[in-house]
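J.: Counting from 1, one number per residue, gives the positions in the sequence shown under this note's numbering.
Even for Gly, the Cβ is constructed at its ideal location relative to N, Cα and C.
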Amino acid sequence: MMSRKRAPLKDNDVSTNVQTETSAKKQMVKKSPYVEGAIVRIQLRNLLTYDNVEFNPGPYLNVIIGPNGTGKSTIVCAICLGLAGKTSWLGRASQPCDFIKYGCDKAKIELELHNPNGDNWFVQREISKNNQSTWTVNKRPATQKAVEEMAARLNIQVGNLCQFLPQEKVADFAKMTQQELLENTEKAIGAQDLYENHQKLKDARSNARRIETSVDSLTARLEQEKQKNVRLEQDVKNYEDRRHHLEKIKIMQMKRPWLEYEEKRKQFNADKLEKEAKEEEFKRAQAENQPMRDKMEEARGKKESLDAHIKKKSNAIREHANKVRDCSEELEKLTDKISEVQDELKYKQHEEEQRKKKLNDLHHQLAALQQELQEVDETEDVQPALDKLSQDMRIVNQDMTHVQQEGNVTRISRDAIQQDMNEHQVALRQIQDISNRRLELLRQRHKHTYEAVTWLRQNKNKFKKNIYEPMLLCLNVKNPDHAKYIESHISFNDIRAFVCEDPDDLELFMSVMRDEQKLKVNIVRSPQQAPDTFNPSKSIEYYRQYGFKYFLRDLIDCPAPIMSFLCAQYHVFEIPVGAKLVGGKINQVIKENPHLRVFYTEDCQYNVKKSKYTGDISTRNTQLRRAQLLSVSVDVTRQEELRQQIRGCSERQQEAENQYRALQMRSKELEVRMNQLRETKKNLMKKKDQKNRLLTQMNSKKERLKRVELEANDMAAETQKAAKKVKDITIKKCQLLGVLVANTKKCFELSKEKIRLALQHAECLHEFHSTEMLLRDRSASLQTLERQLHEMKEKLRNTRGIAKGLLEKAKQATNTAHDEELSKEYKMAFECYPSSVEEIDAAIHERQARADCTFQSDERVICEYRKRKEEIARLEAELEKKMVDKTSHQAEIEDAKRQWMEPLQQKIAQINNNFGYFFTCMKCTGEVDLNIPPNPEDYEKYGVRIKVKYRDGEQLRELTQHHQSGGERSVATVLYLMALQEMGKSPFRCVDEINQGMDPINERKVFELVVQTVCKKSNSQYFLLTPKLLPDLDYADNMSVLCICNGPQMMAHTEWNLRKFQRRRQRLSEEN
């Protein structure tokens, strides 16, 4: 390979070296060949394959060559990431931390960009494991946004495939739509105003569509509103006519109360004059009847005097009559006392008779008791029988106490056994509930598998051997903290898989699930080997020296076929699990145990792989996630232990229950025996106590005889005492009779005087009534006059009240204040209408009839009409404004279109010329044109169309991912990028492995065109990455070839001395 500049690069696990042959002297020229923003220096540390590398690319074409995997694409990644590019633009990893070299904590990228006006720009990015990046620009802290702004200012577009084409994005170039290609071309050629004008046109077109839509909507809405109002105009006219009639009616209804008031006021004045005349006539009639009235007053005075005397006599008679009444009442009381004395005497006589009868009964009862006592003395002695009976009762009582104590002990033991059994059952239910929780988790995570489990539980008899439910239900992790190892090691598809022992059962089950149940489930077949046949190459005791405690198999319990499957498929029998101690011995574990492919620490999974070519060992560690499926574990040993304990408790409880029942039966027998002994003792005690009882009763009867004899009464003395009381009462009665007679006589005399006064009163009363009748006859006309006068006053009062009410009503009708007169406006308005109530009522009736004949429109319709009329006016104004805006906006679009379209067509024509020239050099045909959509105003549909033809006899066909081969697409891609090279203002361009898929002829032609085009002094920097170069290629003097070497024996780049290598080569040549 011949080149004026060659920079060898080499890489190993310790360091990677990149060095260019461009001497420092050539970089010190006054006018630098680098364009503004070109990359002068690149330094990488701990980035992907590189430990530490630093090199200086040339100002023109830089061909970076090296075998696959040596780190060519890493340079492309470094340029993108170092200039604030997104990881998605590279298509390699999603997070920046994924670009850190394995085993390192951070990576650093440093780019030096050319600044023709001063010191170069130094951009540095340091990426940490936590995806945090630290930025510096010219040794000063900066932000990612500041770096993005600097890149945009220098027209560096690492996200534009027309300027920056990573290896993973080469195929995406042909996948770009015409519209995407146009936008990327606009950005790539550096004419920022083209891209901005294009975006403005698209935005303006969107705004124009919105304006047109708004205008059309306003026009339609305006026409709709007008049509609605046209339909309502007749209703509005009817409404106005009716309103006119109603207004007339309203004015007449306002005048009518004033007419009523005026008529009532005139009536009031006439009634007032008539009342005054009637009052004069009444006064004259009163003067003529005065003498007769005086005589009647005299008779009234005499009658009142006689009334007073009669009242006085009546009071005196009443007083003596009360005394007579009191004497009579007192006589009645004395008579009652005599009856009480007699009744009391009769009661004492009856008590004496009863006492004698009771005394006789007591004598008879005492004799009977003496006879019974005599009979008792002749019976036998029962004391020996009582003593024997008491001894038997003590023995039975002791037996009952003993049985009761044994029963209490047995009952307490039985209750304690029952309590233990209840506790065991509760613990067993809790363990069984874990299985239900796992089943519910399965239903949530994979409903088809859940339904398959339900079906299997009901149809197990259809299969020859066992079909085990999914491991999620059957597999039990002994310690919930270890579930994360199992979930990380076993895939979810196998965790939810059924395990079958018989191949025929497997086929039958899959047929039923897939064809009949329409369920998507997994099923695996367990191997024939028993779990015990799987043995690790080294025991866990050996691994304990590194901190390992278990194999994965030791952490779980499951049926034997499932364990066999896990051992065969996942090697759980030989994968160790350790604690934190293992984390510090990872390198030792890997070095001393090359057979280990997977092992676990407390929080990580380690996968160890050995290269088949170099034998190098690579390790990948994965952070373990929290367990979600198997963290709820079932303690099978504890479950079986609880079941055995429950069975034992049940047996002991039954034995205690039988013993307790036997003791209860023995207790009942003893209680029956005790009751019999008590009844016998009771009968004997009755016989023994009968004599004492009889003696006690006899003494009691004798005591009562004495008490009854002492209660005897002296009836003769009682009879004399009663006779004396009757005599004294009779004397008092005689005295009261004397007082009664005296008062009766006095009442008689007073009554005679009262009768005489009553006769005089009757005569006076007759005279009074005669005079009154005569006066009444003579004053009939006076009363008539008085009645008429009263009626006139009442009528006048009513008329005044009605008139006052009518006045208030009239003022309310016209909204006139109480202290104001009717306004002149109303008086003038009232003059046009009738002046009587009858006439105005007729006029109101006529107007009302006309209004009723007019169709009554809904007032809401009228309000709607008026509001719509206002809305129509507003819409017309808004439409006029929109039309003005539309005209103005269209003019702006046309102006912007001219500013964008003319230079764009010129640029596309220039690209087409360059592209066609390059294809002509390759004896092919290529064409680039601007694809204008059917509607020229659809600016978002404008695109760049690339057409190519590689063989004679073919027609030009559009470049797509389907029409051309991979090599043909690569040729078209690189030639299109070259067509942009002279037009663009980008500081550098990058193409990674574009020659992959090209045949040698096309690859040689493309390379020569790249060299011819890029190495012109007017062009910008260019990076071309390739794993190989054809022999005997033509190279330009100002291009650089950067060779990347990779191997375990490479020296550090700081030790690389090109002059020393040249002298050694010259000496070897001379020796040969």
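Leaving out the 5 sequence neighbours to the left and right, which residues in its chain are closer than 6 angstroms to residue 536 when beta-carbon positions are compared?
T.: Only 573, 574 meet the Cβ criterion.
J.: Of the choices 1069, 738, 941, 1064, whose alpha-carbon is the least far from that of residue 206?
T.: Checking every option, the nearest Cα to that of residue 206 belongs to 941.
J.: So the alpha helix (DSSP H) residue 576 belongs to, where does it begin and stop?
T.: From DSSP, residue 576 is part of no alpha helix (DSSP H) but of the beta strand (DSSP E) over 576-578.
J.: Could you tell me the distance, in whole angstroms, from the CA atom of residue 470 to the CA atom of residue 593?
T.: Rounded to the nearest angstrom, the two C-alpha atoms are 34 angstroms apart.
J.: When the Cα of residue 186 is compared with those of 67, 911, 402, which residue comes out closest?
T.: The candidate whose alpha carbon is nearest that of residue 186 is 911.
J.: Restricting to Cα atoms, I'd like to know which of 276, 282, 679 is closest to residue 390.
T.: Among 276, 282, 679, the Cα nearest to that of residue 390 belongs to 679.
J.: So what's residue 140 in DSSP terms, helix, strand or just coil?
T.: Residue 140 falls in the strand class under three-state DSSP.
J.: Can you tell me whether residue 540 is helix, strand or coil according to DSSP?
T.: Note: residue 540 maps to helix in three-state DSSP.
J.: Can residue 58 and residue 113 be called in contact, C-beta distance under 8 angstroms?
T.: No, these two residues do not count as a Cβ contact at 8 angstroms.
J.: Rounded to whole angstroms, what is the Cα-Cα separation between residue 23 and residue 1059?
T.: For residue 23, the predicted structure reports a pLDDT of 36, less than 50, and the residue's modelled location is therefore unreliable. A value from the coordinates is still provided. Cα to Cα, the separation comes out at about 11 angstroms.
J.: Looking at C-beta atoms only, is the number of pairs between the region 221-229 and the region 870-885 that lie closer than 8 angstroms three or more?
T.: Result yes; three or more Cβ-Cβ pairs closer than 8 angstroms.
J.: Measure the CB-CB distance between residue 408 and residue 674 and report whether it falls below 8 angstroms.
T.: The answer is no: Cβ separation not under 8 angstroms.
J.: Does the Cβ of residue 1020 have 16 or more other Cβ atoms within 10 Å, making it buried, or fewer, making it exposed?
T.: Buried, because 16 or more other Cβ atoms sit within 10 Å of the Cβ of residue 1020.
J.: Taking just the CA atoms, how far does residue 946 sit from residue 569?
T.: Their Cα atoms are separated by approximately 53 angstroms.
J.: Fully enclosed by the region 650-716, which beta strand (DSSP E) runs are 3 residues long or longer?
T.: Whole beta strand (DSSP E) segments, 3+ residues: zero.
J.: Mind reading off the beta-carbon distance from residue 754 to residue 313? Whole number of angstroms is fine, and I expect it under 8 angstroms.
T.: Contact holds; Cβ gap of about 4 angstroms.
J.: Rounded to whole angstroms, what is the Cα-Cα separation between residue 1000 and residue 895?
T.: Roughly 50 angstroms between the two C-alpha positions.
J.: Would you kindly check if the distance between the Cβ of residue 892 and the Cβ of residue 204 is under 8 angstroms?
T.: Yes. Within cutoff.
J.: What whole-angstrom Cβ distance do residue 698 and residue 349 have, given they're in contact under 8 angstroms?
T.: Actually they are not in contact, since the Cβ atoms of residue 698 and residue 349 sit about 32 angstroms apart, beyond 8 angstroms.
J.: Smallest Cα separation from residue 665: which of 332, 400, 195?
T.: Per the Cα distances, 400.
J.: What residues in its chain sit with their C-beta under 6 angstroms from that of residue 320, if we drop five residues either side in the sequence?
T.: Taken in chain order, the residues that qualify are 743, 746, 747.
J.: By Cβ distance, which residues of its chain are closer than 7 angstroms to residue 504, with the 5 residues on each side in sequence left out?
T.: The residues are 464.
J.: Once DSSP output is grouped into helix, strand and coil, what is the label at residue 831?
T.: In this structure, residue 831 counts as coil in the three-state DSSP scheme.
J.: Can you list, in chain order, the stretches of the alpha helix (DSSP H) that have 4 or more residues and sit fully within the region 858-940?
T.: With a minimum length of 4 residues, the continuous alpha helix (DSSP H) runs that stay inside the region 858-940 are 859-921.
J.: Excluding five sequence neighbours on each side, which residues of the same chain lie with their C-beta closer than 6 angstroms to the C-beta of residue 610?
T.: Only 617 meet the Cβ criterion.
J.: Taking only the alpha-carbon atoms, compute the straight-line gap between residue 413 and residue 553 and give it to the nearest angstrom.
T.: So the two alpha carbons sit approximately 44 angstroms from each other.
J.: Looking only at its chain, what residues have a beta carbon closer than 7 angstroms to the beta carbon of residue 795, apart from the 5 residues adjacent to it on each side?
T.: Excluding positions up to five away in sequence, the list reads 271.
J.: Given residue 810, which residues of its chain have a CB within under 6 angstroms of its CB, disregarding the five upstream and five downstream residues?
T.: Once the five neighbours on either side are set aside, the close Cβ partners of residue 810 are 257, 258, 261.
J.: Exposed or buried, what is residue 85 when buried is set at 16 or more other beta-carbons lying within 10 Å of its beta-carbon?
T.: Counting Cβ neighbours within 10 Å, residue 85 comes out buried, since at least 16 surround it.
J.: Just to confirm the assignment, what range does the alpha helix (DSSP H) spanning residue 61 have?
T.: No alpha helix (DSSP H) holds residue 61; the beta strand (DSSP E) holding it covers 61-65.
J.: For residue 1083, list the residues DSSP reports as bridge partners.
T.: Limits of the chain in this structure are 1 at one end and 1072 at the other, which puts residue 1083 out of reach.
J.: Label residue 118 either buried or exposed according to how many other C-beta atoms from any shown protein chain fall within 10 Å of its C-beta, with 16 as the threshold for buried.
T.: Burial call: exposed.
J.: Quick test of the definition: if touching needs 3 or more C-beta pairs under 8 angstroms, does the region 434-451 touch the region 505-525?
T.: Cβ pair count under 8 angstroms is three or more, so yes.
J.: How many angstroms separate the CA atom of residue 692 from the CA atom of residue 386?
T.: Cα to Cα, residue 692 sits roughly 17 angstroms from residue 386.
J.: Between the Cα of residue 299 and those of 769, 440, 248, 108, spot the shortest distance and give me the residue it belongs to.
T.: The candidate whose alpha carbon is nearest that of residue 299 is 769.
J.: For residue 96 and residue 908, I'd like the C-alpha separation in whole angstroms.
T.: The alpha-carbon atoms of residue 96 and residue 908 are separated by roughly 37 angstroms.
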